[in-house]
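Residue numbers (this note's numbering), protein chains in the order written: chain A, 1 to 143; chain B, 144 to 562.
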């Protein structure tokens with residue numbers, strides 16, 4: 001999935017969230033987003049791909065591949081055992097996956113989630129694995 | 144002191160007036176996401192009554208100085224309050240002598256003290272420490288550290304499918320190599336109250352000592368360490384409506400006297416020279432440095448508050464709320480309660496098919512309902528029960544039937560969103 005698609009998805013996400021003023025509708029929407037998360041091969045869910053979490057588990061891998069112009073792009077595959085976290089992972093993939101490392105370094109996930117009122121889920125104190133996932137993506141982009 | 148304790152503490156009759164109790168806890172009027180707080184995570188840490196907050200504030204304002212040091216009035220006053228707090232803990236736990244009460248920074252610190260100063264000092268290679276598999280990590284890892292340092296072995300005592308102590312399996316494990324048995328009075332996940340008196344008798348008959356993690360147990364039922372026949376009993380302040388940073392270890396006097404110091408520093412010595420230092424008698428031997436003075440006094444205020452309401456009456460009230468919650472949750476399709484042994488304390492852990500505990504906890508939070516989700520620092524127990532995590536609601540003296548209903552309806556609503 002290319003980044004143009006992601007931009008369109010992010011715009012749609014922001015707009016949809018604007019329409020939903022009830023928290024239940026917003027969480028129902030996040031849960032639905034999670035149901036659309038591309039499946040992660042069970043064989044990839046190992047101790048090595050697990051990111052540090054406590055309340056829920058998150059597995060994540062980053063794969064580099066070259067695009068048509070020969071630029072290295074980081075494709076991220078991730079999954080969780082919790083529905084809401086899966087939905088939030090889907091949003092993080094829209095923000096990060098398929099981008100170049102330079103682009104990833106420019107992404108401000110906290111600001112984006114803050115705009116949706118979801119930034120608390122990205123706080124290190126949540127220990128749901130999402131903060132650790134973003135840390136791992138940033139480390140991959142810094143390498 | 145009646146002014147500090149508020150209305151609930153002075154109720155003359157046998158009725159437990161939970162609404163009056165709630166008025167003594169300022170934080171309970173907090174709104175979360177615009178909704179009244181339903182605080183169901185007291186097993187992690189309980190909220191504090193005004194009596195505790197005011198006692199600590201007043202001490203800092205009027206009676207504070209370092210203890211055991213000064214020859215001046217304020218230090219005498221602070222020392223008297225600190226030592227009076229030790230007497231309160233002694234009375235609360237039913238210990239014989241105040242020298243058997245060591246103040247620690249909490250339950251974890253108390254258990255580590257036993258691991259370091261008893262287990263690590265006296266265990267030999269091949270000795271066995273039996274640890275219940277439902278234990279909190281703080282009653283597992285210190286024994287693993289002591290075992291690694293001494294060549295001793297840690298062996299898990301199984302629990303049954305219901306989460307009860309498997310006494311037959313335990314009895315079969317006892318033998319001459321077993322030197323220590325470590326078990327909680329009450330499981331922080333299952334709510335099971337373990338038969339400590341029987342476990343202690345069996346351990347002693349086999350020549351082993353018993354150390355009890357009372358962090359949950361002392362909150363929900365009367366404790367009498369002499370009647371239970373235990374050698375060590377660890378408690379923490381913050382779960383019993385007291386401040387963080389304070390706990391206590393009960394240790395039998397004869398044992399504490401044989402044990403080397405825990406940490407080195409001021410106040411734990413008799414004499415110090417560069418050739419050789421000698422140790423103070425217990426409990427000072429184990430309280431190096433400036434202790435948690437005001438926290439200890441705050442803990443005593445919490446115990447006074449609990450005792451003024453009556454531990455038995457609080458227990459009966461919590462059991463009523465627990466039973467109500469259990470009845471309501473059991474009706475929810477796909478919900479499994481983890482820990483179904485009879486006579487539980489006020490903790491209810493559960494899983495629901497089709498949802499992760501963190502999903503349920505996140506959605507409950509939106510309704511103002513605070514519960515814990517995760518492995519509750521008891522990973523071996525999660526494996527035993529075949530789950531990766533649970534949602535846990537825990538009840539305290541201020542919990543109500545209406546809150547149990549908010550929990551159950553919140554879970555039902557969460558499942559409607561998640562399925």
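Note that the Cβ used here is the ideal one computed from N, Cα and C, for glycine as well.
Just so we're clear, the structure is a prediction, and the values are computed from it rather than from any experiment.
At least 7 Å separates the beta-carbon of residue 456 (chain B) from that of residue 235 (chain B). With 16 or more neighbouring CB atoms inside 10 Å of its own CB, residue 362 (chain B) falls in the buried class.
In this structure residue 472 (chain B) does not touch residue 560 (chain B) by the C-beta definition: roughly 17 Å separates them, more than the 8 Å allowed. At a Cβ-Cβ threshold of 7 Å, residue 544 (chain B) and residue 467 (chain B) count as neighbours. Of all C-beta pairs linking the region 166–173 of chain B to the region 181–196 of chain B, three or more are shorter than 8 Å, placing the two stretches in contact. At least one beta carbon of chain B lies nearer than 7 Å to the beta carbon of residue 55 (chain A). About 7 Å separates the beta carbons of residue 446 (chain B) and residue 383 (chain B), which is inside the 8 Å limit, making them a contact pair.
Annotation for residue 261 (chain B): 398, 402 place their beta carbon closer than 7 Å to its own, counting only its chain and skipping 5 residues before and after. Taking the CA atoms as reference points, residue 520 (chain B) sits about 18 Å from residue 50 (chain A). Its Cα nearest to that of residue 257 (chain B), the residue B:377 stands out among B:482, B:315, B:377, B:412. Excluding residues up to 5 positions away in sequence, 73 lie with their Cβ nearer than 6 Å to the Cβ of residue 67 (chain A) in the same chain. Around residue 338 (chain B), the same chain offers 308, 310 as residues with beta carbons nearer than 8 Å, after the five sequence neighbours per side are excluded. Look at residue 521 (chain B): its C-beta is not under 7 Å from any C-beta on chain A. When the alpha-carbon of residue 277 (chain B) is set against those of B:292, B:301, B:297, the nearest one is in B:301. Here DSSP, grouped into helix, strand and coil, assigns residue 294 (chain B) to coil.
Rounded to the nearest angstrom, the Cβ distance from residue 282 (chain B) to residue 325 (chain B) is 5 Å, consistent with a contact under 8 Å. The beta carbon of residue 433 (chain B) sits closer than 7 Å to the beta carbons of 209 from its chain, once the five residues preceding and following it are set aside; these are given in chain order. Residue pairing by DSSP puts residue 63 (chain A) in a beta bridge opposite A:75. With contacts defined by Cβ atoms closer than 7 Å, residue 44 (chain A) and residue 30 (chain A) do not form a contacting pair. A distance below 7 Å separates the beta carbons of residue 131 (chain A) and residue 122 (chain A). For residue 84 (chain A), the neighbours in chain B by C-beta distance under 9 Å run, in chain order, 499, 501, 502, 505, 506, 561. Contact annotation: residue 292 (chain B) and residue 270 (chain B) have beta-carbon atoms that are not nearer than 7 Å. Only 531, 532 from the region 527–538 of chain B bring a Cβ to less than 8 Å from some Cβ of chain A. Partner residues in the beta bridge of residue 275 (chain B), as assigned by DSSP, are B:300. Note on the region 424–511 of chain B: whole alpha helix (DSSP H) runs with a minimum of 4 residues are 436–452, 454–473, 500–509, in chain order. Judged by DSSP in its simplified three-state form, residue 322 (chain B) adopts strand. Nearest C-alpha to residue 480 (chain B) among B:411, B:529, B:346: B:529. Contact note: residue 23 (chain A) reaches chain B through 176, 509, using a C-beta cutoff of 8 Å and chain order. The beta carbon of residue 184 (chain B) sits closer than 7 Å to the beta carbons of 513, 514, 515, 537 from its chain, once the five residues preceding and following it are set aside; these are given in chain order.
With a threshold of 16 other beta carbon atoms within 10 Å, residue 19 (chain A) falls short and is exposed. Taking residue 75 (chain A) as the centre and dropping the five residues before and after it, the same chain places the C-beta of 62, 63, 64, 65, 97, 98 closer than 8 Å to its C-beta, in chain order.
Inter-residue distance for residue 328 (chain B) and residue 107 (chain A) is about 50 Å (C-alpha atoms, whole angstroms). In this structure, B:179 is the residue among B:198, B:165, B:179, B:162 with its C-alpha nearest to the C-alpha of residue 511 (chain B). Within the same chain, Cβ atoms closer than 6 Å to the Cβ of residue 353 (chain B) are found at 324, 343, 346, 373, 374, the five residues on either side in sequence being excluded. Taking 7 Å as the CB threshold, residue 27 (chain A) lines the interface with chain B.
Interface residue (Cβ-Cβ distance to chain A less than 7 Å): residue 516 (chain B) is classified as such.
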